[in-house]
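In the numbering used here, the protein residues as written are 13 to 235.
Heads up, the thing below is written out as structure tokens.
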Amino acid sequence: MNSNKVIAIDGYASTGKSTLAKMLSQHYNLNFIDSGAFYRAVTLFALEEGFLKDNYFDQVALESALEKLTLKFEPETRFLFLNGENISNKIRLARVSDHVSSIAAFPIVRKFLLYQQRQMANENGLVMDGRDIGTIVFPNADHKFFFTARPEVRARRRYDELINQGQEITFDEVLNNLIHRDKTDIARDIAPLRKADDALEIDTSEVTLDQVFNYLLEKIDSK
Ligand code: CDP
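So this is what it looks like as structure tokens:
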């Protein structure tokens, strides 16, 4: 495969997109970008600056503060830095997960991140995962995949991951958050979650990571 290829992986929350995107990026020696981490970072920023509270959002304040915001993603470690601070753990906290989909629906936020995401597609190509990568960010991507899985399976995997990270959360809270985020992501006006017409859909409910990985390699190498 040429080294400047773009591979787009979209799909529902917690279907294994980022894990597989990283595995592909290592296999093909491409950059890897977890676009969801950037939406989480803007949400964390809005919460920490006090622009966002449970029933309050100051869109104007966030918009003017966005220009001071620098985000840097380190593909190897999957660390994300917000104005120099490593926020990789904080962006996975429940209060960020609870608000991220509503923040991601705002046109100013999407415009800000769309620009940054397109800038990241340099001469080396990349694997990027998210919700609108194959439809909006890179509609001409060389390979497009769309991941689905049953909600209970997704919630179980995410629950185990969060518990391993030491978070205090229940299975039902995780499940409800995934269902709520999917609904909000599908319903928004700008760049909603949907499968690109030319994306290949993969249900990851009953298969291992390695099985999905091998299937993706087969599809990519045979195209
Ligand atoms: O890892 P998980 O599947 O739970 O979600 P994520 O990739 O971290 O994305 C968090 C949220 O960011 C999603 O629920 C979307 O609301 C938003 N997002 C988006 O709108 N567009 C993207 N390209 C990526 C994420």
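All residues carry an ideal CB built from backbone N, CA and C; glycine is no exception.
- The bridge partners DSSP lists for residue 155 are 19.
- Close CB contacts of residue 55 within its chain, under the 6 Å cut and outside five residues either way in sequence, are with 108, 111, 112 and 115 (chain order).
- Residue 57 and residue 192 have their alpha carbons spaced roughly 21 Å apart.
- Boundaries of the beta strand (DSSP E) harbouring residue 45: 43-46, taken from the DSSP string.
- For residue 66, no alpha helix (DSSP H) encloses it, and the DSSP letter there is neither H nor E.
- If you check the CB distance, residue 32 and residue 205 do not come in under 8 Å.
- Around residue 48, the same chain offers 142 as residues with beta carbons nearer than 6 Å, after the five sequence neighbours per side are excluded.
- Here DSSP, grouped into helix, strand and coil, assigns residue 219 to coil.
- Relative to the ligand CDP, the beta carbon of residue 143 is positioned inside 7 Å of a heavy atom.
- Among the bridge pairs identified by DSSP, residue 86 is matched with 91.
- With a 10 Å radius around the Cβ and a threshold of 16 neighbouring Cβ atoms, residue 199 comes out exposed.
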